[in-house]
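Residue numbering for the sequence shown follows the working numbering, starting at 12 and increasing by one per position.
Taking it in order: structure first as C-alpha cells, then the write-up.
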Amino acid sequence: MSLYKAFRSLVRRVRSVLILAVTILLLFYYTFENEIDMLNSFAENEYIPSIKDVARNEGGLDLADIRREGVLKDEPTGLDPTDLKALREKNKYFPLLISDASKDPSALLETSSDLDPTKFASHKERYPVLNEVSLPVILTPGEGSDLAVQSSVFEDEGVADEKMLRNIKELFVNTWKQEDLVGKISEFHWPMNLIDALDTLYILKEEEEFESALNAISEVTFSLPPASIEAVDISDVGSRALGGLMSGYELSGNATLLQKAKEVADFSLRAYDTPNRLPLLNFFWKSKLDNRFPYQKANAGALTSMTLELIKLSQITQENKYFDAAQRIYRTISLSTNEFDLEYLFPNQVDASGCTPISTDQIQLGRHLSQFKGMKSIDENLQFIHCHQTGKLISFNPKKVKQEQHFDMDAQAQLLYSNLVKSYHLLNGNDLLKFSDNYFEPNDDDIRDDSKIKNSPSGINKNKEKAQSSRHIFTKAMDSVRDLMAFNPATPLKENITLLSSLKTRTHLSPATNEVNVEITRMYDMKFERCSLASTLALGSKLFNMPTFGDFANDLATGCFHLIEEFGGFQPVELYLDPCENEQCNLDVELKVERTKNGHYYRLDSDKAETVQQDEIKVSQQGDVTVPPRRVLAFAYKQGPSFFRSGDLEVDTRKLQWKDDPRRPLWVNKMGQLRVLSPDAVEAIFYLYRTTGDAKWRQMARTMFQMTLETLQNSNGGAKGVWKINELYDDGTGLASSSWLSKTLKYYFLLFSDKNYYSLDDYVFTSGGHLLRKAEVKS
Ligand SMILES: *[C@@H]1O[C@H](CO)[C@@H](O)[C@H](O)[C@H]1NC(C)=O
Ligand SMILES: *[C@@H]1O[C@H](CO)[C@@H](O)[C@H](O)[C@H]1NC(C)=O
C-alpha cells in the first residue's frame, strides 16, 4: 500500500512535468515532420509546378486578372487570400522574373502595417555569396600606375585665375542661398541634393556652410529609407548619396560621414540579393515578394553605378562584400560583350536576369535538370517557368523575334565605360577584373588586329567565358563608338565638328553565306549628355596610353563647345541634324528645301533591300557552338532619322523657315527643350584642360561661363522669355538641378584653380562629380 501511495504521489508530482515533456516532444516531432514535408514539396516541385496545400490552380495567379478586378494594395482582401498566400509561399522558393518595375506585383501584397520600419531592420540574405572576391589590402603598382594623367606642361602655367574663381564662387553662393538645402531637410526623404553639394562646399572653402550641412546630414539615419519611400532608385542613391558621403569623408576626414556611407551601402546591397547578384535598379525594399531576379529591362550602365564607391569603401573598411558586388557586375559584363548586335556595346535595354526560358519540350526531355543551369521561377503573369541561367546580360526578347536594338552613349550607357576606366585609375593601374580567377588579358596585337582572332579558329571561343581585361573592353568599345557613332553634321559653323549619334540595328542571318548582317541606322541625333564621353576618352587615353582617344576626346569636346556657342550658351536636350555632305560641311539650303518637299528623304523604307548599302566596314566572328557566322556590319543608306513623316518637316519656301517652329534653325530637323545648366560640356573641358595643358580650353570655358551668366541675368529679368530655361525653372519652382552645384560649378571652379588643386593624378571623379582618393600602392 505504501508502495502504491508512493507511486501515486510520484505520479502527481511528475504529471505536470510529464505533460510538458510530451508536449515538447510532440512539438519537435511536428516541426520536424513539417520540415520534411516542405523539403519533399520542394523536391517535387522540381517536376510539378505546384506547392502542396496552397496552390489553388496549377498556373498560379494572373496578374492581369488581379489588376482588372481592381484589387490594389489598399484592399488585398478582395482577392482570394489563399492566392496571395500561395504567391508568397511560392516566392520563398522560386524567384520572380519581372520585366520592369511597372510590372512588379509587389504593390499587391502591401498593407499599412508595412510602414513599420523595425520589421526591415535586419536582412537575411537569400543568395549569399560563398566565395567573395577579395581586394588585396596592399596593392602593388599596376601596369599603368606610372602614367601621369595630368599634362606635364601647361601653356598658361596652370595657375589660378582669381577673377574667374571669384565669379564662380559668387554664383555658387547665390544659388546656395536660393536653394536653402539645409532648411529643406525633412523626415520624408533623404537629403540627396544637400549630400550631392557637400564636397563642393568643401572645395570652394565655404567652411561655415560645410559645417552646417555636415551637422544636418549627421542627424539623418541612412540604414533604412524613410518608410514612405516605396521604391529606391539604386543608381541615383549610388551616384548622389553614396558618392556624396564618401567624397565628403575623403576630403574632410569626418568619420560620421563614413559611417553614413556604410549605412547607405549596406542598405543598397540588399538590392543585390538576387540569384545572379546583379542589382534590382528599382528596389521595392519593403516588398513581401523579396525573392527575385534583377529586372529584364535594365540599363547595363546603370548596373555599374555604384562601382567606384563600393571599391573605395572596400578599401577603407577592408570588407570584401563591397568589392565583390562591384566586381561581379563587371565580370558579368565582360562575359556579355558578344551578346548584342554590336560587339562591346550594350543596347539601351539589356536583360539583367540572364535567364532564357526553357521550352516545354526541353523540360520533358529533362534538359532543365542536366544540361542547363535551370531555375524554376515565377514570371510576371505569375506563372511558373523554367529558365536557363546564362550568367550573362542578354537581349530581352520574350517573343523570340528579331528586334531592333538601340545603342546610345547617353549618361547611363557611359557609366559602364567611365566606371571601368575610373576603377582602373582608382586601383592605381590595377584592373579590377584581374582579381577574378578566370581573368584573360589579350596582348595589344589581339586588341588591334581583328584578323588574327578570325584566323585562329579556337581563338575567341576559347576565351569567351573568361573575364577580359578592362583595357580590352574599353578599347574595343571606344573604337566602335568612333567608327559607328561619331559623325560630322551639316551646320552653319565654319568648322567641321564631330558629334555622336545614336544607332539602331537590325540583324538577319543569311544561311547561304553564314553571315549575320547587322544593318545600322544612324539617327544623326545629338544629346549633350554624350559630351561627357570626352572626359572618359581623355582619361582612358592617358591611363592606357592611347593618344588616338585623346584626339577623339578633343574633337568631341570642341564640337560640343561650338554647338553651345552657336546656341548662345544653351544646350538643347536633343537635336536631330543632317550629316555633312560637302567640303565645308555647310547646309545646302536649296537641297534641304527640295528634300523636305517630297517627304521621301526623311522616311525610312525599311522593307526595301535596295535602301541598304552593303558597305562592309568590319568583320568579326561571333562565338557559337557550330561554325560561327561572320558578322557583317553595314550602314543603312538612309540619312535622316526614321520617324519624320512627311509634314513633320515643312519649310516655308519664301521665308526659308520651318513652318511648325520658325525659331528653330533650318539645319536642325528637330530639337528638344533648351537648358543652360548642364554639366557635361564643362566636365569635358575640365578633363581636356588638365590632360592636355592647352590654354584654349580655359578660353572656351570663359566664353561658356559668360554666356551662362548673361542668360541667367536676362531670364531673371523676365524680359526675354523666348526660351524656356528648363533646368533653372524646373516645373516653375525655380529649383536648380542637383548637378549644378555638384558638378557644373565644381568643374568650373577646379578648371580655373591651380592645376594641382585636386589633381587628376591624386583623385578620381565619379560620374556624379564626387571625389575619391586614388589608392596608395607599395612596390
Ligand atoms: C563630424 O561631424 C559631426 C557633425 O558636425 C561632429 O559632431 C563630429 O564631431 C565630427 N567628427 C570629427 C571626427 O570631426
Ligand atoms: C570632317 O572631319 C572628319 C574628321 O573629324 C573627316 O573625316 C572628314 O573628312 C571631314 N570632312 C570634311 C568635309 O572636311
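Using N, Cα and C, we set each Cβ at its ideal position, and we do this for glycine too.
Note that the structure is predicted; figures quoted are calculated from it, not measured.
Relative to the alpha-carbon of K670, which residue among E661, K681 and L567 has its alpha-carbon at the smallest distance?
Nearest C-alpha to K670 among E661, K681 and L567: E661.
CA-CA distance, V164 and T703?
Roughly 8 Å between the two C-alpha positions.
I need the DSSP call for S750, collapsed to helix, strand or coil.
In the three-state scheme derived from DSSP, where H, G and I count as helix and E and B as strand, S750 is classed as helix.
Nearest-angstrom Cα separation, counted from V361 out to I149
Taking the Cα positions, I149 is about 36 Å away from V361.
Would the beta-carbon of A266 be found less than 7 Å away from any heavy atom of ligand 1?
Yes, the beta carbon of A266 sits closer than 7 Å to at least one heavy atom of ligand 1.
Quick one: is the Cβ of E154 within less than 7 Å of any heavy atom of ligand 1?
Placement of the Cβ of E154 at a distance of 7 Å or more from every heavy atom of ligand 1 is found.
For M175, I'd like the list of residues in its chain whose CB is within less than 6 Å of its CB, leaving aside the five on either flank, ordered along the chain.
Non-local C-beta neighbours of M175 in its own chain, meaning closer than 6 Å and more than five positions away in sequence, comprise F763, ordered along the chain.
Between which two residues does the beta strand (DSSP E) containing Y612 stretch?
Where Y612 is concerned, there is no enclosing beta strand (DSSP E), given that its DSSP letter is neither H nor E.
For D566 and S197, what's the separation of their Cα atoms in angstroms?
Cα-Cα distance, rounded: 45 Å.
Residues around ligand 2, please: the condition is that the C-beta lies closer than 6 Å to some non-hydrogen atom of it.
This criterion selects N499, N507, T509, D566, C591, E594 and C596.
Apart from the five residues just before and just after L699, which ones in its own chain have a Cβ nearer than 6 Å to its Cβ?
The beta carbon of L699 sits closer than 6 Å to those of A549, A568 and W708, all from its chain and outside the five residues before and after it, given in chain order.
Taking the DSSP output, what are the residues bridged to N528?
Partner(s): H519 and V643.
Is it the case that the CB of L225 approaches a heavy atom of ligand 1 more closely than 7 Å?
Under cutoff, so the answer is yes.
Identify which residue in Q684, T722, F760 and L720 has its Cα closest to the Cα of I696.
Here the closest residue by C-alpha is F760.
Return the first residue and the last residue of the beta strand (DSSP E) that M386 is part of.
In the DSSP assignment, M386 falls within the beta strand (DSSP E) that extends over G385 to D390.
Does the beta carbon of E222 fall short of 7 Å from some heavy atom of ligand 1?
Within the cutoff, so yes.
Where I240 sits in the DSSP three-state scheme:
Collapsing the DSSP output to three states places I240 in coil.
Of the residues Y341, A363 and L268, which one's Cα is nearest the Cα of D111?
Checked all of Y341, A363 and L268; the closest Cα to D111 is A363.
Quick check: does the Cβ of S258 come within less than 7 Å of any heavy atom belonging to ligand 1?
Result no, Cβ not under 7 Å from ligand 1.
Just the C-alpha distance for D618 and D691, rounded to the nearest angstrom, thanks.
At D618, the pLDDT of 41 sits below 50, so the modelled position is not reliable; the number obtained from the coordinates is stated separately. Taking C-alpha positions only, D618 is separated from D691 by approximately 38 Å.
Which residues DSSP lists as bridging R675, in chain order:
Listed as beta-bridge partners of R675 by DSSP are no residues whatsoever.
Are at least three pairs of beta-carbons, each pair with one atom in the segment 240–250 and one in the segment 316–323, less than 8 Å apart?
In the pairwise beta carbon analysis, the segment 240–250 is classified as touching the segment 316–323: at least three pairs are separated by under 8 Å.
Three or more C-beta pairs closer than 8 Å, one from the segment 250–260 and one from the segment 768–783: is that the case here?
In short, these stretches touch, since the Cβ pair count reaches three.
Identify, in the order they occur along the chain, each residue of the same chain with its Cβ nearer than 8 Å to the Cβ of L444, setting aside the five sequence neighbours on each side.
Non-local C-beta neighbours of L444 in its own chain, meaning closer than 8 Å and more than five positions away in sequence, comprise Q338, Y341, R342, S345, Y450, A478, Q479, S480 and S481, ordered along the chain.
Do you know offhand how far N68's Cα is from A309's?
With a pLDDT of only 37 at N68, under the threshold of 50, the placement of this residue in the model should not be trusted; the figure read from the coordinates follows. Using only the alpha carbons, I get a separation of about 32 Å.
If you run the structure through DSSP and keep just helix, strand and coil, what is N293?
The three-state reading of DSSP puts N293 in strand, counting E and B together.
Could you tell me which of S521, T755, P236 and L598 sits nearest to V643, measuring between CA atoms?
Per the Cα distances, S521.
Please list the terminal residues of the continuous beta strand (DSSP E) segment that includes Y774.
First-last of the beta strand (DSSP E) with Y774: Y774 to F776.
Three-pair Cβ contact test at 8 Å for the segment 710–723 versus the segment 143–160:
Touching, no, given that fewer than three Cβ pairs across the two stretches are closer than 8 Å.
With a threshold of 8 Å, are at least 3 pairs of Cβ atoms found where one atom belongs to the segment 510–517 and the other to the segment 490–501?
Enough Cβ pairs lie closer than 8 Å, so yes.
Closest Cα partner of N593 within the set R517, P640 and T502:
Nearest to N593 by C-alpha distance, out of R517, P640 and T502, is T502.
Buried/exposed call for D442, threshold 16 Cβ in 10 Å:
Buried, since its Cβ has 16 or more Cβ neighbours within 10 Å.
Report the partner residues of V788 according to the DSSP bridge assignment.
Beta bridge pairing from DSSP links V788 with L150.
Between the beta-carbon of V869 and the beta-carbon of L586, is there less than 8 Å?
Nothing about residue 869 can be reported from this structure: the residues present for the chain run from 12 to 790 only.
Continuous alpha helix (DSSP H) stretch holding M571: start and end
The question names Met, but residue 571 in the sequence shown is Cys. Following the DSSP letters along the chain, one finds C571 inside the alpha helix (DSSP H) bounded by residues P558 to E577.
Unbroken beta strand (DSSP E) run spanning F418, endpoints
Q416 to F418 is the extent of the beta strand (DSSP E) around F418.
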